[in-house]
Every structure is written in structure tokens, then in C-alpha cells.
Ligand SMILES: Nc1ncnc2c1ncn2[C@@H]1O[C@H](COP(=O)(O)OP(=O)(O)O)[C@@H](O)[C@H]1O
Ligand SMILES: [Mg+2]
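Numbering (the numbering used here), first residue to last: 2 to 245.
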């Protein structure tokens, strides 16, 4: 079997008035960790939404596991920026929040099975949150809630996990813990695509980078041929190996 997870070719997209992505190209294989960096408004979230089929490319293509999004969707998990904190009496427990993500698989009216509960518990285990399973989601700290949301994505056992700034607005200790969790998932073979405002952290965990330059062009690089100096050159818009 071919280990290709995603193949993006000549991807171009604009909102009504704003050209955002122009001929973006990259390819990832099982176990890759792609960090996406670039200034605010560069198009990072737009790219994530295109991959998740929430937006449609103007041209170019996105192949997932050698097929299209509809056929690959079971293999894809998503963690967004931390949602606004829940009100402390929001009526759902940690376990229910995670389990709800199994709805899509089962259909609304199928009862949960013992196996579902096991899946929920092992997802919570992966993020170190099993002991919180019966607590109300709103009673947890921001960092703990975000761990629950990672478990919510993991409960469907994705092979590719997309995360758009998953650690924004979370205290430093939790950011560290969450990055450790993500690193571990990646070490165990999960392919990760992650945007983050915190470039140094992302550099530490990624083996590939997609860098959006100031002028809206992108550069796709593998970490092994990259110095920090070169990254800042790319961020400053200096063309280094394409369209030089
Ligand atoms: N729904 C939208 N309609 C129109 N323009 C948008 C929309 N969403 C984002 N944009 C614009 O597209 C550009 C890229 O946005 P985004 O992908 O959110 O950037 P990033 O995630 O890198 O900060 C920005 O100029 C932003 O203002
Ligand atoms: Mg964004």
C-alpha cells in the first residue's frame, strides 16, 4: 500500500474579494507532521477549511488517502481553536462530549454500546483525562477542555488529525502538556497538520513546514534542509528555491 495521506496540487482559492491561496502544492505521507506558519490573514485557516471540504477550491485538487474527502472522511479528525469557554452549568459531561462525536458513525438513534464506551475511555486516556470523565465540561479549565476536544477527535480513531491553532488562549503549562500529547500521537504513526501562532513550538515538532510568505505565496519545505535563518528569510518573502 502507498503511504500517501494527502496530495495538494496547484490549489487556488479566493473569497469574493480576497485572493488567498495561489498554486499551493504539498504532499504528506503517513507519520508526517506538517506545521503551517505565516502571518495573521495569510490563509492558514482557509487551507484547513479547504482540506475539510468546508470550502471548495477554485482550481487545483486535494486528494486524501488517494481518494476524495467523502470517501476519506472517516480517517480524518479535526480539532479547532478552543471554543468559547462553556458556561459552568452547560449540561454535558466530559464523557458525553467525547461520545457525541460517534453520532456521525452510528446515526442519531442507535444506542451506544459497551464498545463505544471503551472507545471513549481510551480516547480520554490518550489525553490524560479519564479521571474527569463524569465532570461537567464547563467545570474544567481551558486547557483541560481542549484536551477533551482532542479526545473527541480521537474517539473516531483518525489517521490524519488537523488542528487549527489548538493552543491559543490556553495557559503555558497546558500548552506544553497538549504539545506532548500531540507529539506522542505523531510518534505512534498519526499524520498531523497543525497551524500555530507559536512558530518555535511548531518547529520543534514538525518534520515538514508550509510557510506563507508576506506576499501570499507559499513555500513547502522539509525540516532537514532548513535553518531558522532561512525560515525567517522565507517569512520575509525572500524566494529561495521557487520563482526565484
Ligand atoms: N469568510 C470569509 N470571507 C471573506 N474573506 C475571508 C473570510 N475568511 C477569511 N477571509 C480573509 O482571507 C484571508 C485569509 O484568512 P485566514 O485563512 O483566516 O488566515 P489565517 O488563518 O492565516 O490568519 C484574510 O485576508 C481574511 O481576512
Ligand atoms: Mg487562522
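We treat Cβ as the ideally placed atom computed from N, Cα and C, and that holds for glycine.
What is the residue span of the alpha helix (DSSP H) that residue i lies within?
i	result
residue 234	229-236
residue 144	143-155
residue 127	115-127
residue 73	70-73
residue 49	45-52
residue 201	200-206
residue 100	95-100
Taking the alpha carbon of residue i as the reference point, which residue from the options has its own alpha carbon closest?
i	options	result
residue 61	8, 119, 29, 221	8
residue 170	142, 120, 96, 185	142
residue 34	202, 123, 51	202
residue 135	230, 93, 70, 74	93
residue 20	59, 127, 228, 75	59
residue 43	54, 28, 14, 32	14
residue 17	57, 181, 49	57
residue 223	140, 30, 159	30
residue 206	212, 214, 195, 157	195
residue 32	183, 175, 119, 123	183
residue 78	118, 168, 162	162
residue 210	236, 191, 189	236
Do residue j and residue i come within 8 Å of each other at the CB atom, strictly closer than that value?
i	j	result
residue 99	residue 148	no
residue 22	residue 47	yes
residue 151	residue 80	yes
residue 145	residue 164	no
residue 166	residue 198	yes
residue 96	residue 121	yes
residue 45	residue 39	yes
residue 193	residue 187	yes
residue 26	residue 3	no
residue 159	residue 50	no
residue 176	residue 102	no
For the beta strand (DSSP E) that residue i lies in, which residues bound it at each end?
i	result
residue 11	5-15
residue 64	60-65
residue 169	That residue, residue 169, is in no beta strand (DSSP E); it is neither H nor E in DSSP.
residue 192	192-196
residue 37	34-39
residue 209	209-213
residue 29	20-30
residue 138	First-last for residue 138: undefined, no H or E at that position.
Worksheet entry | Distance cut 6 Å, beta-carbon to ligand 1 heavy atom: residue list by chain order | Going by the Cβ distance cut-off, the answer is 16, 19, 21, 39, 41, 42, 43, 44, 45, 46, 47.
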